[in-house]
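> Could you have a look at this structure, given as structure tokens, before my questions?
Residue numbers (the working numbering): 3 to 834.
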């Protein structure tokens, strides 16, 4: 008995000694590492690395940028089933321990002693938070000791709810998903609150090993792990037996979901990315979760992309079919199986409106062919969808019109198809030519829509902002604007006659010509602009003076360095980007102001704080003198030309579309942009543009609250857009002529505005002060008392209207001193 008593005493003393030694040792270790432990109170202000998201003005997600996908959640947003699943699997005693689970540690230690291997973990959620925020993943005893101390500190500083929230938002779950909010989107394309218990178990199972148990890479192992998590839920009474049985019977539904893009506008996204990096730097732009709202709208952006692509296909198909992409098997060989075809199609890239397909059958009798696409779907292309496919020879020549499908395609060929406007399949091909389209709000410069090419994923080159191309006749409204500033009016008569100028230095003759080479003799300025008369543009430049014209054009924002210091400027030899050109055209639509294009409207933090807001200068006549630049108010834009000048040029550009004269009396004429009459709007105007050899074609113009520039050309400057025939039944040597802006660039402009202006009320004409309307003679530009088809009303700045009446005699005096001697009798040779 004494022996037992002594043993108990010694054992008790030894135990006390061990406890004291242990506590002392732990405290000594704590003191040793104290200075190395990070301040855990920083967790209260932790900022998660969250990607930048880009939105349209109407809230459609365009893109997101950042290495880590994360959707931070507040504790109130975390579904209770996820918490139950997480605790049942990772830390059942979470609410009872103080950061370190002693029972778990002893259990893990016992397992190591018994098996010799580490088969059980002892880390609590708090310890995992400590490791995730402050420590590396190195498996060392030193790191484990630090982890324990940090966990104890965390429990003192934070509530259990705060610790859970940090864990759920921080943990890595594969495929760049950090936190359960992002994982729900990546694997299921849903918000976390929309998941069921089996899906919660799937995500929780990833904690053990995001790669090994990933449902996208290892579905069998992932299901096994998911079912294990569900079993733990049943064991901890969070699931009944029947609920558990039902849950494990559910199939894996995980699939990879990228960012839920609602508006695919990659050219816009890349422009935003570049600007955000310039403003904030890469680290901040990509990780702070900024929400960037742009000025574009989904309706306008989609209309721009569709209009550009359809127009490019129409141009491309006018020039013939360049043949199949490839031939999978020859006619003398055994045909591929469906499985082989689908494997091949799966590797093919598809851009824009195009779908890759393989021809599987041809029916010449019914004039159609059958195809299979990469989805394994079979369908037919009827004759109306392939009759365009004359053989491409070069940009100026096409082969004979085909008569049968077998003359166009063969079984086993890989081709591209697209849906027509009638939703029927038609044979197609990737366009050789390129295009750009940009639309601005002329009041403040906001970019309404922009597309820099057929498909960003095929070519990231943004032709709206990066391609400087010769503008051709798109320069003429600015030349005419300069003429108005120097004494001309829209009724001034200028001689439309060939120019032959001897260049003594070069020993050559400069002969600028109209295109087409038609000359009308003495012509009113309005008519000359509408018909895009080249020689008249040169005569105006000469009368105004080259230096005066260059200075005038610089007022529109054009760099003087980009303006040739010779008379070719009048024909559009200057090169600008479509965005520069559209920006300059806004002055004609807004009363004479130059507005600066912008894309980012505002930048918002995840907490809803606006940290950047565009404050564009506004085209505003009334507020020009009323705003103090020292105050944080809207500022007026810089004035380029007078309101009267802007009105007259804008009104003259309406004649480009609607022409003039009296059709009933046989005196009617069309402007070069007459195709835009299809919009059935009289509040639109614009100007065509075509350069030498049709290497660049343009149409720039305006409608209610919008300015749009459309360009078509080849990225290779040495290649022209060529010629085409009006219909496939003409002989191969009969051509329609060169492509012009009116038939190459204008159709996209029309199709875009047809969508954007659908339902928009007609904009009423508002005359600026000092603008008067006077009846003039249509032939001479002088005043007239006639009210028949020989007369019309013209706008003038008060004091510039003609002061003499037309004389009806065989040789009327039509000389106009304002035209600096450039005017002659109709039908005679020009002075220059």
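Heads up, the beta-carbon is just placed ideally off N, CA and C, and yes, glycines get one too.
1) Would you please state the rounded distance, in angstroms, between the beta carbons of residue 364 and residue 413? I believe it to be under 8 Å.
2) Secondary structure at residue 213, three-state DSSP: helix, strand or coil?
3) Using the Cα positions of residue 490 and residue 691, report the straight-line distance between them to the nearest angstrom.
4) Buried or exposed, going by whether 16 or more other CB atoms sit within 10 Å of the CB of residue 317?
5) State the start and end residues of the unbroken alpha helix (DSSP H) segment that holds residue 182.
6) Assuming contact is defined by CB atoms lying nearer than 8 Å, are residue 391 and residue 323 in contact in what I supplied?
7) Compute the distance between the beta-carbons of residue 777 and residue 795, then report whether it is under 8 Å.
8) Just to confirm my understanding: we take residue 173, look at its own chain, exclude 5 residues before and 5 after, and list those with CB closer than 8 Å. What are they?
9) In chain order, what are the residue ranges of uninterrupted beta strand (DSSP E) at least 3 long that sit wholly in the region 253 to 334?
10) Examine the Cβ distances between the region 449 to 458 and the region 296 to 303 and report whether three or more of them are shorter than 8 Å.
11) Tell me which residues share the same chain as residue 428 and place their Cβ nearer than 7 Å to its Cβ, disregarding the 5 neighbours each side in the sequence.
12) Measure how close the beta-carbons of residue 590 and residue 473 come, nearest whole angstrom, since I'm counting them as under 8 Å.
13) Compute the beta-carbon to beta-carbon distance between residue 436 and residue 465, rounded to the nearest angstrom, for a pair I have assumed lies under 8 Å.
14) Assuming the contact rule is C-beta atoms closer than 8 Å, residue 350 and residue 362 should be a hit. Round their C-beta distance to whole Å, please.
15) Mapping the DSSP letters down to three states, classify residue 99 as helix, strand or coil.
16) With a Cβ-Cβ cutoff of 8 Å, do residue 648 and residue 687 count as a contact?
17) Tell me which residue opens and which closes the alpha helix (DSSP H) that residue 343 is part of.
18) For the pair the region 76 to 89 and the region 325 to 336, tell me if three or more CB-CB distances fall below 8 Å.
19) Give a yes or no on whether the C-beta atoms belonging to residue 705 and residue 755 are separated by under 8 Å.
20) Hey, how far is the Cα of residue 793 from the Cα of residue 709?
21) Tell me the DSSP bridge mates of residue 375?
22) According to DSSP, is residue 524 helix, strand or coil?
23) Using three-state DSSP, classify residue 479 as helix, strand or coil.
24) Which of the three DSSP states is assigned to residue 225 in this structure?
25) According to DSSP, which residues form a beta bridge with residue 620?
26) Take residue 546 and list the residues in its own chain whose beta-carbon comes closer than 6 Å to its own, dropping the five residues that flank it on each side.
27) Would you call the region 196 to 214 and the region 158 to 169 in contact, with 3 or more CB pairs under 8 Å?
28) Please classify residue 512: does DSSP put it in a helix, a strand, or coil?
29) With a 10 Å radius around its C-beta and 16 neighbouring C-beta atoms as the bar for buried, classify residue 502 as buried or exposed.
30) Give me the residue from 258, 247, 353 and 336 with the minimum Cα distance to residue 268.
31) Return the first residue and the last residue of the alpha helix (DSSP H) that residue 1 is part of.
32) Since residue 57 sits in a beta bridge, which residues does DSSP pair it with?
33) Can you round the beta-carbon distance between residue 127 and residue 165 to whole angstroms, since I take them to be within the 8 Å contact cut?
34) Quick one: Cα of residue 513 to Cα of residue 714, how far?
35) Ignoring anything shorter than 4 residues, give me the alpha helix (DSSP H) runs that lie fully in the region 569 to 624, in order along the chain.
36) Assuming residue 291 and residue 608 make a contact with CB atoms under 8 Å, what is their CB distance in whole Å?
Short version:
1) Position 362 of the chain shown, counted from the first residue, corresponds to residue 364. Position 411 of the chain shown, counted from the first residue, corresponds to residue 413. That pair is a contact at about 6 Å.
2) The sequence position of residue 213 within the chain shown is 211, counting from 1. DSSP places residue 213 in coil when its eight states are reduced to three.
3) Taking the first residue of the chain shown as position 1, residue 490 is located at position 488. Taking the first residue of the chain shown as position 1, residue 691 is located at position 689. Whole-angstrom Cα-Cα distance: 23 Å.
4) If you number the chain shown from 1, residue 317 lands on position 315. Result: buried.
5) Counting from one through the chain shown, the residue named residue 182 turns up at place 180. Element bounds for residue 182: 182 to 190.
6) Residue numbering aside, residue 391 sits at position 389 when the chain shown is read from its first letter. Residue numbering aside, residue 323 sits at position 321 when the chain shown is read from its first letter. Yes, these two residues count as a Cβ contact at 8 Å.
7) Working through the chain shown from its first residue, we reach residue 777 at position 775. Working through the chain shown from its first residue, we reach residue 795 at position 793. Contact: yes.
8) Indexing the chain shown from 1 puts residue 173 at position 171. Contacts found: 130, 134, 180, 181, 182 and 209.
9) 293 to 296
10) yes
11) Within the chain shown, numbered from 1, the residue matching residue 428 stands at position 426. Correct list, in chain order: 383, 387, 388, 419, 420 and 422.
12) In the chain shown, the residue the question calls residue 590 occupies position 588. In the chain shown, the residue the question calls residue 473 occupies position 471. About 15 Å; that fails the 8 Å criterion.
13) Position 434 of the chain shown, counted from the first residue, corresponds to residue 436. Position 463 of the chain shown, counted from the first residue, corresponds to residue 465. Contact holds; Cβ gap of about 6 Å.
14) Numbered from 1 along the chain shown, position 348 holds the residue referred to as residue 350. Numbered from 1 along the chain shown, position 360 holds the residue referred to as residue 362. No, residue 350 and residue 362 are not in contact; Cβ-Cβ is about 16 Å, not under 8 Å.
15) One-based indexing of the chain shown puts residue 99 at position 97. Coil, per DSSP.
16) Mapped onto the chain shown, residue 648 falls at position 646. Mapped onto the chain shown, residue 687 falls at position 685. Not a contact, by the Cβ cut-off of 8 Å.
17) Counted from its first residue, the chain shown places residue 343 at position 341. Residue 343 -> alpha helix (DSSP H) spans 340 to 347.
18) no
19) Residue mapping note: residue 705 aligns to position 703 of the chain shown, counting from 1. Residue mapping note: residue 755 aligns to position 753 of the chain shown, counting from 1. The answer is yes: Cβ separation under 8 Å.
20) What you label residue 793 is simply residue 791 of the chain shown in a count that begins at 1. What you label residue 709 is simply residue 707 of the chain shown in a count that begins at 1. Rounded to whole angstroms, residue 793 to residue 709 spans 32 Å at the Cα level.
21) For the purposes of this step, residue 375 is identified with residue 373 of the chain shown, where counting begins at 1. Paired residue(s): 359.
22) As a first step, residue 524 is located in the chain shown; it is residue number 522 there, counting from the start. It is a strand residue.
23) Your numbering for residue 479 matches position 477 in the chain shown. Reduced to three states, the DSSP call for residue 479 is helix.
24) In the chain shown, the residue the question calls residue 225 occupies position 223. Here residue 225 sits in helix by DSSP.
25) Taking the first residue of the chain shown as 1, we reach residue 620 at position 618. 638.
26) Counted from its first residue, the chain shown places residue 546 at position 544. If we look at residue 546 and ignore the five residues flanking it on each side, its Cβ neighbours are 484, 485 and 488.
27) no
28) Here residue 512 is taken as the residue at index 510 of the chain shown, counted from 1. In this structure, residue 512 counts as strand in the three-state DSSP scheme.
29) Numbered from its first residue, the chain shown carries residue 502 at position 500. The residue in question, residue 502, is exposed, as its Cβ has fewer than 16 Cβ neighbours within 10 Å.
30) Translated into the one-based positions of the chain shown, residue 268 becomes position 266. The shortest C-alpha separation from residue 268 is found at 353.
31) Nothing about residue 1 can be read from this structure; the chain reaches only from 3 to 834.
32) On the chain shown, position 55 is the one that residue 57 refers to. According to DSSP, residue 57 bridges with 63 and 295.
33) Residue 127 sits at position 125 when you count from the first residue of the chain shown. Residue 165 sits at position 163 when you count from the first residue of the chain shown. Going by Cβ atoms, the distance from residue 127 to residue 165 rounds to 7 Å, so yes, they are a contact pair.
34) Against the chain shown, residue 513 aligns to sequence position 511. Against the chain shown, residue 714 aligns to sequence position 712. Straight-line Cα distance between these residues: approximately 26 Å.
35) 580 to 591
36) Indexing the chain shown from 1 puts residue 291 at position 289. Indexing the chain shown from 1 puts residue 608 at position 606. Yes, residue 291 and residue 608 are in contact; Cβ-Cβ is about 4 Å, under 8 Å.
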